[in-house]
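To start, the structure under review is shown below, and the notes come after it.
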């Protein structure tokens, strides 16, 4: 059963990737200008270069052959050169993606730490004041656009109070060699004399972007956990347990939690894709050097090879993350494996 | 909790390390690390005075030449031979990629300037093939130098084809930096010639460490600097194109110094006790250049009509907010060759319409107006200026499409003359008036793409040459007066304004002086 499920997911992954690569390839024809230039990123190529590129990109052949050559190059890591910087797009994405991932991961962890317990508390005190307070805060946070929240935070914590820095990942005076591209890990790996200070500085830089980015997924998790928990608490086996005289804590911890958290796990995985999208907005506002800010800059500069590469990387990542989350959920919850079938 | 866990990996001493460094918030990525191959002010600010030295400098107050790598200089009677005595014991930078084995000497000067004009120099064709050595080509220096001879290890003589009154001024600009011949030889052996402009080696107060595009440029102090040793261990340029973000970073002290704060932001900065704002009248001009090789802008009547159609007073009020001066000529009034032009086009939309009718330009004519995406001294907000021009031109039946690109892309597209018209300008590198004419309006500047009007007028070029051939100031003045008049007749560009240069620093920063021309020097900067 599990094998069949995995095959199904794998097929879905292949199909989505195919569509995505087709769309990306099509973009180079869709953008203004010469498709060969849009694909390769080499502006004003010499005659010699045009000949070379035509052969390499199979532009003297039909469109299917061109597409296959495109896929071959994507797999080999040859994503063309950025118009703006003249650097290889793939290398740039490799260097920038960890920053986005890092920010999203911290935000996700924070939203789980805050959101799930808050949801449980709200459900446990259903229609009492903790539930009402949590609900009110959640509703407020849910309806606040994150760019606005980010600007308010910057105004208050950076410009007025001067407590936190407003841009970047680390004060530029700290020179930390990039090994993993995850700033905290890189600082710990480095043997710089100001390691401790740099670490504190990196955490200060992380605080606001993480808080802002965590807002949306936290509210979603609070609501989801609360609803899921309330559903479970309505079940007969809980009523039976309550009739046996168990306390609220015992009831929730021993009987309700595991069942209630199953759908939440799936939700955590699904939140990751939303997070990556929101991370782009956060990155622009906090000048976070991630792939989102880079992609938005590229759009502004009409840097077509970079736009294609960036879109492909981000979408691939979201597809893979969603499928992995789905699989994780299935591992915990065997019943869900059958849900994709149309059964009578 | 997580923080505590992470911090437990650090010793107490890790927290007590003080970094003596300065963060300068800069507005754009440097295009190159060699001033010879670019004229972009944002790049020159970052590289020229920090990494390199020139043979001579110009005193910003007196305008006189002062010694630098050359301790003294003399000129032959016919002014065709200039001899420089060079400083001894000057060390080049030791970096991750190069360790010098000898001190600076005559070979370095011969290599540096040889690269510009000597086609047999292996580095002559390296770099920007489209417009190599833009500044030197636009002023014709590559055609002026006949040869450079080494008299001994510490003396060189430049031989010129003809006498030129601005030669020394040009040798003193930020572009005439001295490179290392030994490093060049080293790169030749490695067959990596391009590296000479990307991984710089100079004699300046700081040496290059790293450049991360869109993020930073990092320098460290040159420990064996021949002049006063710098007080900062480290110098970092934080690349922040958005001027509002730069000001916000100034307020959070993430920047110690900020380039080009906007006129609108000055009042906010003035309210802060922890921030100083310096200002200086700067030799510059902001203008609206028409691509004179493109129809209908090849017709001077069209250029005049467009010039009459825009209200410059309104532009001065809304863009410069009292921090600029209306232009009456290409030269700013502080230049000794300045002459206010009587036939400077006044705001007269009716006349503009009449002229456009005469030319037969159809109503609803569409044109592109390129606006520089970064704030410059000569134009703090080109976008806003473009919008004002757009609304003015609409009144005479012309519809304007505003075009913007990232700064470096913008400049490279401009070099290819892809524009109809552009709002840009020029900031002087020396007080010599020729610095305003030759680099932006000569025929050689048109060929190498720096003449944004794409204008080549033999009569105008002749005036410039005649002015350079003489050292009689009065005679030079007359030639420049004529040049200014010719410009007003032909209007390849419309001079709009002369801006002030501003710089914001935190109170802890000292030792940065603003000069009326050229780039920024952080050699004596310190942070208390």
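Protein chains in written order, with the numbering used here: chain Z, 34 to 377; chain H, 9 to 536.
Glycine is no exception: its CB is placed at the ideal position from the N, C-alpha and C atoms.
Remember, predicted model here, so these are calculated numbers, not experimental data.
Cβ-Cβ distance between residue i and residue j below 8 angstroms
| i | j | result |
| --- | --- | --- |
| residue 542(H) | residue 313(H) | The structure shown does not extend to residue 542(H), since chain H is modelled only from 9 to 536, so the question has no answer here. |
| residue 287(Z) | residue 271(Z) | no |
| residue 243(Z) | residue 358(Z) | no |
| residue 452(H) | residue 221(H) | no |
| residue 343(H) | residue 291(H) | yes |
| residue 312(Z) | residue 136(Z) | yes |
| residue 115(Z) | residue 330(Z) | no |
| residue 182(Z) | residue 248(Z) | yes |
| residue 398(H) | residue 377(H) | yes |
| residue 457(H) | residue 416(H) | no |
| residue 165(H) | residue 91(H) | yes |
| residue 337(H) | residue 148(H) | no |
| residue 35(Z) | residue 349(Z) | no |
| residue 253(Z) | residue 304(Z) | yes |
| residue 214(Z) | residue 339(Z) | no |
| residue 356(Z) | residue 51(Z) | no |
Contacts that residue i makes with chain H (C-beta to C-beta distance below 9 angstroms)
| i | result |
| --- | --- |
| residue 11(Z) | Summary: the structure shown does not reach residue 11(Z), with chain Z confined to residues 34 through 377, and so no result is reported for it. |
| residue 322(Z) | 220, 222, 223 |
Partner residues on chain H for residue i, Cβ-Cβ distance less than 7 angstroms
| i | result |
| --- | --- |
| residue 300(Z) | Neighbours of residue 300(Z) on chain H: none; closest Cβ ~23 angstroms, over 7 angstroms. |
| residue 195(Z) | 260 |
Assigned exposure category for residue i - 16 Cβ within 10 Å defines buried
| i | result |
| --- | --- |
| residue 375(Z) | Any answer about residue 375(Z) is weak, because its pLDDT of 46 lies below 50 and its placement is not dependable; what the coordinates show is given next. Exposed is the call here. |
| residue 230(H) | buried |
| residue 118(Z) | buried |
| residue 420(H) | buried |
| residue 441(H) | buried |
| residue 347(H) | buried |
| residue 13(H) | Low per-residue confidence applies at residue 13(H): pLDDT is 48, beneath 50, and the placement is therefore not dependable, though the value from the model is reported in the following sentence. Label assigned to residue 13(H): exposed. |
| residue 48(Z) | exposed |
| residue 301(H) | exposed |
| residue 299(Z) | buried |
| residue 377(Z) | Since pLDDT at residue 377(Z) reaches only 46, below the 50 mark, its modelled position is unreliable, and no value is offered. |
| residue 98(Z) | exposed |
| residue 162(Z) | exposed |
| residue 188(Z) | exposed |
| residue 169(Z) | exposed |
| residue 228(Z) | buried |
| residue 151(H) | exposed |
| residue 528(H) | buried |
| residue 125(H) | buried |
| residue 257(H) | buried |
| residue 331(H) | buried |
Amino acids of chain Z, ordered along the chain, whose beta-carbon sits closer than 7 angstroms to that of residue i
| i | result |
| --- | --- |
| residue 274(H) | By Cβ distance, chain Z contributes nothing, its closest Cβ being about 17 angstroms from residue 274(H), past 7 angstroms. |
| residue 224(H) | 205 |
Interface residues of chain H facing residue i [CB-CB closer than 8 angstroms]
| i | result |
| --- | --- |
| residue 206(Z) | 27, 29, 31, 242, 244 |
| residue 296(Z) | Chain H residues near residue 296(Z): none, gap ~27 angstroms exceeds 8 angstroms. |
Beta-carbon neighbours of residue i, restricted to chain Z and to distances below 9 angstroms
| i | result |
| --- | --- |
| residue 227(H) | Neighbours of residue 227(H) on chain Z: none; closest Cβ ~11 angstroms, over 9 angstroms. |
| residue 253(H) | 199, 200, 320 |
Supposed close pair residue i, residue j - CB separation, criterion 8 angstroms
| i | j | result |
| --- | --- | --- |
| residue 324(Z) | residue 297(Z) | That pair is no contact at about 28 angstroms. |
| residue 277(H) | residue 246(H) | Actually they are not in contact, since the Cβ atoms of residue 277(H) and residue 246(H) sit about 17 angstroms apart, beyond 8 angstroms. |
| residue 400(H) | residue 317(H) | 6 angstroms |
| residue 195(H) | residue 203(H) | 5 angstroms |
| residue 335(H) | residue 524(H) | That belief does not hold up - the Cβ atoms of residue 335(H) and residue 524(H) are roughly 17 angstroms apart, past 8 angstroms. |
| residue 93(H) | residue 234(H) | Going by Cβ atoms, the distance from residue 93(H) to residue 234(H) rounds to 15 angstroms, so no, they are not a contact pair. |
| residue 238(H) | residue 518(H) | Their Cβ separation, rounded to whole angstroms, is 13 angstroms, which puts residue 238(H) and residue 518(H) out of contact at 8 angstroms. |
Proximal chain Z residues relative to residue i, where beta-carbon distance stays under 8 angstroms
| i | result |
| --- | --- |
| residue 478(H) | Neighbours of residue 478(H) on chain Z: none; closest Cβ ~42 angstroms, over 8 angstroms. |
In chain order, what residues of the region 109 to 132 of chain Z put their CB closer than 8 angstroms to some CB of chain H?
When C-beta distances to chain H are compared with 8 angstroms, the residues of the region 109 to 132 of chain Z below that value are 116, 117, 118, 120, in chain order.
Give the residues from the region 227 to 249 of chain Z that approach chain H closer than 9 angstroms (Cβ to any Cβ), ordered along the chain.
Residues are counted here when their Cβ sits less than 9 angstroms from a Cβ of chain H; for the region 227 to 249 of chain Z these are 227, 228, 229, 230, 231, 232, 233, 236, given in chain order.
Residues, ordered as in the chain, of the region 144 to 164 of chain Z that lie near chain H by beta-carbon distance below 9 angstroms:
Here the close residues number zero.
Residues of the region 384 to 416 of chain H in Cβ contact with chain Z at a cutoff of 7 angstroms, in chain order, please.
Look at the region 384 to 416 of chain H: the residues with a C-beta under 7 angstroms from a C-beta of chain Z are 413, 414.
Using a Cβ-Cβ cut-off of less than 7 angstroms, list which residues of the region 328 to 339 of chain Z approach chain H; keep chain order.
For the region 328 to 339 of chain Z, which is checked against every Cβ of chain H, the residues closer than 7 angstroms are 334.
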